[in-house]
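The sequence shown lines up with residues 18 to 213 when you count with this note's numbering.
Built from N, CA and C at the ideal position, the CB exists for glycine as well.
No experiment lies behind these values; they were computed from the predicted model shown.
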Amino acid sequence: MTTRPALTRSEVRALLWHYRIAGEGQPIAEEVVTAWWRELRAHTAAQCHAALASINPQRVRHTTPAEVATLAASAPVDGAPSTARPPLPRTPSDVARERARFAKAGQRGIRAVYAAMGWQRHPDTDLAGTVVCPFCRAQTGQVCRPLVRTRDGKREQRDPITRMHPSRLAKARADKAAGTTTRGGANPPASQGVSA
Ligand SMILES: [Zn+2]
């Protein structure tokens, strides 16, 4: 005879996310969702939400399913209190997207700092980075390794400012002048960046 909407697993997951009870930085384990769902399934999502919202924010993340169930039992069936924030369903892909965004912002930040401080990200570093180093074999987009002598006795020092071997820069310049691109133009250093 019950007409209340049944609590779903995804609602449980959303509530656990929202109140940071589980899943900080990683997907919530299915066993955790199951344990909470078993305890709370007699109540509606709104009741559970109201119960969680009524717990002190400082300790809500340490609450137990039993405590929430007790509180939910006395909450109205069809409505969270107006003070309750709506739960934010966060899926693992949401989290991944968010992290990618932060990582990008961080990269931009590092470049901005370099520019603001006048630190050397010399244009020659970018140019040399478009080719594999003929001396130390550093890959495109990477700065040269601090190699000064090869097995066959060739000697070269990295340029202290660009941190690239001169022969690499020369090769990149020659390639550029010839209008050729390495690897069919893949991995332009502007997007890949030269690790500092
Ligand atoms: Zn090199």
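Based on the DSSP secondary-structure assignment, which residues constitute the bridge partners of residue i?
i, result
"Arg172", "Arg166"
Cβ of residue i within 7 Å of any heavy atom in ligand 1?
i, result
"Ala191", "no"
"Arg114", "no"
"Ala221", "Residue 221 falls outside the range modelled here, since the chain spans only 18 to 213, and no answer is possible."
"Arg172", "no"
"Arg168", "no"
"His35", "no"
"His182", "yes"
"Arg162", "yes"
"Ala195", "no"
"Ala253", "Outside the displayed range of the chain (18 to 213) lies residue 253, so it cannot be described from this structure."
Candidates the options: which alpha carbon is nearest residue i's?
i, options, result
"Lys188", "Ala90, Trp54, Arg154 and Ile45", "Arg154"
"Thr167", "Met181, Arg180 and Pro151", "Pro151"
"Leu24", "Val148, Ser110, Gln64 and Ala39", "Gln64"
"Ala46", "Ala113, Glu56, Arg58 and Leu33", "Leu33"
"Lys193", "Leu144, Leu164 and Thr179", "Leu144"
"Ala92", "Asn73, Pro74, Val49 and His66", "His66"
"Ser184", "Gln159, Val149 and Arg55", "Val149"
"Ala68", "Ala59, Ala83, Ala89 and Thr142", "Ala89"
"Ala113", "Arg190, Gln43 and Pro22", "Gln43"
"Arg37", "Pro74, Asp169 and Glu84", "Pro74"
"Asp141", "Pro163, Ala191 and Asp111", "Ala191"
"Arg11", "Ala39, Thr61 and Trp54", "Only positions 18 to 213 of the chain appear in this structure, which leaves residue 11 out of reach."
"His60", "Pro82, Ala86, Ile72 and Leu186", "Ala86"
Give the secondary structure of residue i by DSSP, where H, G and I count as helix, E and B as strand, and everything else as coil.
i, result
"Val148", "coil"
"Gln64", "helix"
"Val160", "coil"
"His182", "coil"
"Thr80", "coil"
"Leu24", "coil"
"Ser91", "coil"
"Tyr36", "coil"
"Ala46", "coil"
"Pro140", "helix"
"Arg154", "coil"
"Thr100", "Interpretation of Thr100 is limited by its pLDDT of 49, a score under 50 that renders its predicted location unreliable; the figure taken from the coordinates is listed afterwards. Coil."
"Pro109", "helix"
"Ala191", "helix"
Got a sec: is the Cβ-Cβ distance from residue i to anything in chain C below 8 Å?
i, result
"Arg78", "Among the chains in the structure shown there is no chain C, since it carries only a single protein chain."
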